[in-house]
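Take the sequence shown: its letter number 34 is residue 18 in the working numbering, and every next letter is one higher.
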Amino acid sequence: MTGPSVVCAWCKTLLSSGTEPASHGVCPRCLQQHLGLEQEMVEAAEGTRLRQITDLPTGSDVTKRSA
């Protein structure tokens, strides 16, 4: 007796065949694409945060603006 067929939940690629109703997983290609997108989002957020921090007024800049 074999287990269920496993298909990628995103691209529907057959990951393993079986005789029982299909179960779902994620294929390596879709996983890499998903993780790659997450990494890009993290890097973009970090870049935005760094720009915000470096754009803050410091020392005499703060004094000049409040005068």
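Idealized CB from N, CA, C, for every residue including glycine.
Quick check: residue i and residue j, are their CB atoms within less than 8 Å of each other?
| i | j | result |
| --- | --- | --- |
| G9 | P(-12) | no |
| C11 | L(-1) | yes |
| V26 | A6 | no |
When DSSP labels each residue in this structure, what does residue i get in the three-state scheme?
| i | result |
| --- | --- |
| G(-13) | coil |
| C14 | helix |
If you follow the beta strand (DSSP E) that residue i is in, where does it begin and where does it stop?
| i | result |
| --- | --- |
| G9 | E4 to G9 |
| S0 | L(-2) to S0 |
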